[in-house]
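Worksheet: the structure to be examined is printed underneath.
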Amino acid sequence: LYAEAEYCICHFEEVCRVAEIVMKFAKSFQDKQRVYATLIKALGVENKLEDAIQLSFNALSQLDVHCPSPLPDKSVVMKAWIDMKRTLENTSDAVFLNYKEMSDSNKIAAMKFLHLLI
26 LYAEAEYCIC HFEEVCRVAE IVMKFAKSFQ DKQRVYATLI KALGVENKLE
76 DAIQLSFNAL SQLDVHCPSP LPDKSVVMKA WIDMKRTLEN TSDAVFLNYK
126 EMSDSNKIAA MKFLHLLI
């Protein structure tokens with residue numbers, strides 16, 4: 026929580042310092058997730074995008090989600106995005122509401138990290 030408070034008042038160096046401590050002493054990845062997210066946001070705000078992306082990929086790999094390396098071309102990603110958007114637009118509310126809710130805590134955490142990359 027302290028790292029998040031420091032992020033809110035733009036003390037990004039302090040966010041990094043606290044994040045190092047948390048990551049050093051945390052017993053599990055679940056204990057590190059909030060500080061990872063805060064650090065990723067801080068790196069993004071500081072325009073350290075490569076570092077933010079690398080840290081996000083590190084977090085995702087700990088959740089057993091692996092991103093292709095090298096990353097696909099932007100046009101491939103945009104085409105997949107448009108295809109998914111069309112699919113969702115053509116899905117009725119009734120069908121959409123019948124989809125199973127995601128319950129795997131690692132997958133939910135991975136989605137949160139992926140959201141930080143958008």
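Take any residue in the sequence shown, count from 1 to its spot, add 25: that is its number in the working numbering.
Cβ atoms here follow ideal geometry from the backbone N, Cα and C, with glycine treated the same way.
For the alpha helix (DSSP H) that residue i lies in, which residues bound it at each end?
{"i": "Thr112", "result": "99-114"}
{"i": "Ser86", "result": "74-87"}
{"i": "Ile133", "result": "130-142"}
{"i": "Ala119", "result": "118-122"}
{"i": "Glu71", "result": "Neither: Glu71 is in no alpha helix (DSSP H) and is coded neither H nor E."}
{"i": "Cys35", "result": "Where Cys35 is concerned, there is no enclosing alpha helix (DSSP H), given that its DSSP letter is neither H nor E."}
Under 8 Å between the Cβ atoms of residue i and residue j?
{"i": "Ala135", "j": "Val90", "result": "yes"}
{"i": "Ile78", "j": "Leu122", "result": "no"}
{"i": "Glu71", "j": "Phe37", "result": "yes"}
{"i": "Leu68", "j": "Asn131", "result": "no"}
{"i": "Tyr13", "j": "Lys66", "result": "Since the first and last residues shown for the chain are 26 and 143, residue 13 lies out of range."}
{"i": "Val43", "j": "Lys57", "result": "no"}
{"i": "Phe138", "j": "Ser86", "result": "no"}
Residue i: buried (16+ other C-beta within 10 angstroms of its C-beta) or exposed?
{"i": "Val102", "result": "exposed"}
{"i": "Ile107", "result": "exposed"}
{"i": "Ser53", "result": "exposed"}
{"i": "Ala105", "result": "exposed"}
{"i": "Tyr61", "result": "buried"}
{"i": "Lys110", "result": "exposed"}
{"i": "Leu64", "result": "buried"}
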